[in-house]
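Undergrad: Count the sequence shown with the numbering used here and you get residues 442 to 739, in order.
The structure follows.
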Amino acid sequence: MAYLLQQLANAVPLAALYAALAFGYAVAFGVTKRADITYGAIFAFAGQILLLFTELAYVRFWLVLPAALAIGAGAAIVYSLAAGIWIGRSIMLPLVSKSPNTVIVAALGIMIVLMETARLAADTRAIWLPPFLNDTVVFWSDGPFKVTLTYIQLINTALMAVMVAVGTLILRRTAWGRVWRAVTDDPLAAELCGTSADRVFLVAYAAASLVATICGILATFYYGSMDFGAGLMFGLKVLLIAAVGGYSDPLRSAGGAAGLAVVETLWGAYGPFVWRDLVIFSLLVMLLVMSRRERVVL
């Protein structure tokens with residue numbers, strides 16, 4: 442029983458990460474209507490920029506760790522958000538009206554550029570952060586076995602949950618949220634009513650890039666590093682994860698992603714670990730196909 446509770450506790454931070462990523466992706470997908478693995482590349486790029494600048498400040502300038510982390514996080518936000526805005530304005534906006542395959546190829550090219558840029562800047566080294574906020578909080582104990590989470594897990598979970606909550610309030614209670622919904626439903630009709638669909642597109646893409654950037658920073662804080670190949674993996678996984686809850690509602694996408702995180706964690710605890718990614722991706726594809734069939738029937 443205690444082991445199961447610990448695995449469920451372990452699923453909470455991962456569920457928060459998947460939920461926040463899926464929420465941001467759904468915001469961007471609402472205006473692009475195209476599969477876009479660039480989102481995962483921005484997530485990984487933010488983590489790698491964080492590592493580069495944190496190492497620069499900590500090792501070369503001898504700053505204390507909190508100051509070095511602040512500099513790294515600030516640089517990650519600036520570089521990743523600037524990259525996301527430039528990609529949205531100069532690449533995705535002109536291509537969304539073209540063939541879907543054009544967007545897919547462009548996204549793959551962008552991912553390669555971002556990953557290679559970070560790899561070359563790091564001189565193909567794996568950079569690791571010193572561990573911090575690793576003290577544990579005990580939620581329940583059964584003799585010597587304790588159900589715990591670390592402070593960094595709790596902080597990350599809270600921040601990601603706040604991002605999803607604030608984003609939901611913006612989409613449902615503000616004028617910009619209504620405009621975003623109008624553009625996602627019918628861009629031409631929104632234009633005829635006086636709304637700039639291009640401006641909404643850019644703001645939505647920038648907001649999604651900001652969510653991916655913050656998630657990349659928080660994930661790197663927890664895991665301590667960000668692999669060069671994480672962009673492709675997270676790009677594909679987020680693309681399919683968001684489909685679990687449906688792309689039409691970012692909050693539903695977040696809920697579906699959180700549920701999938703629980704399944705992934707439990708499989709890792711009780712099933713063969715080597716088959717985990719195969720099983721998860723197969724489940725995602727199956728759910729995506731089923732959702733498509735339901736829409737066709739309706």
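A virtual CB, placed ideally from N, CA and C, is assigned to each residue, including glycine.
1. With C-beta atoms as the reference, is D639 less than 8 angstroms away from V544?
2. Going by other Cβ atoms of all chains shown within 10 Å of its Cβ, with 16 needed for buried, is Y499 buried or exposed?
3. Compare the beta carbon distance of A452 and T706 with 8 angstroms and say whether it is the shorter of the two.
4. Please classify V738 as buried or exposed, where buried requires at least 16 neighbouring CB atoms within 10 angstroms.
5. To the nearest whole angstrom, what separates the beta carbons of Y466 and A649, a pair I think is in contact under 8 angstroms?
6. Should V644 go down as buried or exposed, given a rule of 16 or more other Cβ atoms within 10 Å for buried?
7. Helix, strand or coil: how does DSSP classify A680 here?
8. Determine the direct distance from the alpha carbon of T479 to that of A623, and round the result to whole angstroms.
9. Note down, in chain order, each residue of its chain lying with its Cβ closer than 7 angstroms to the Cβ of V679, except the 5 sequence neighbours on either side.
10. Quick one: Cα of V715 to Cα of R614, how far?
11. On the premise that L659 lies in contact with L600, defined as a C-beta separation below 8 angstroms, what is that separation, rounded to the nearest angstrom?
12. Could you check what DSSP says for S521 in three-state terms: helix, strand or coil?
13. Which runs of the alpha helix (DSSP H) spanning at least 4 residues fall entirely within the region 462–494, listed in chain order?
14. Can you tell me which of the three DSSP states W569 falls into?
15. Tell me which residue opens and which closes the beta strand (DSSP E) that S650 is part of.
16. Do Y459 and I655 have their C-beta atoms within less than 8 angstroms of each other?
17. Which same chain residues, not among the five before or five after L445, have their C-beta less than 7 angstroms away from its C-beta?
18. What residues are listed by DSSP as bridge partners for K587?
19. Where does T543 fall in DSSP's three states?
20. Any idea if L555 is buried or exposed, counting beta-carbon neighbours within 10 angstroms, 16 or more meaning buried?
21. Just checking L724 against the ligand GTP - is the residue's beta carbon closer than 7 angstroms to any of the ligand's heavy atoms?
22. Quick one: what's T577 bridged to in DSSP?
23. I'd like to check one pair, I512 with T495: are the Cβ atoms closer than 8 angstroms?
24. Candidates K474, G697, Y646, L549: which alpha carbon is nearest T625's?
25. Can you tell me whether DSSP reads M667 as helix, strand or coil?
26. Nearest-angstrom Cα distance between P628 and Q447?
27. Quick one, are the C-beta atoms of A647 and G471 less than 8 angstroms apart?
28. Nearest to P571 by CA position, among R693, Y663, A698, L561, is which residue?
29. With distances taken between CB atoms, is the gap from L604 to V652 smaller than 8 angstroms?
TA: Short version:
1. no
2. buried
3. yes
4. Low confidence applies here, because V738 scores a pLDDT of 42, under 50, leaving its location unreliable and the question unanswered by this model.
5. 6 angstroms
6. buried
7. Note that residue 680 is Leu in the sequence shown, not Ala. Correct three-state label for L680: helix.
8. 24 angstroms
9. L462, A463, Y466, Y480, G481
10. 44 angstroms
11. 6 angstroms
12. helix
13. none
14. coil
15. From DSSP, S650 is part of no beta strand (DSSP E) but of the alpha helix (DSSP H) over 638–664.
16. no
17. none
18. S582
19. helix
20. buried
21. This structure simply doesn't include the ligand GTP, nor any ligand for that matter.
22. T591
23. yes
24. K474
25. coil
26. 47 angstroms
27. no
28. Y663
29. At residue 604 the sequence reads Met, which differs from the Leu that was named. Contact: yes.
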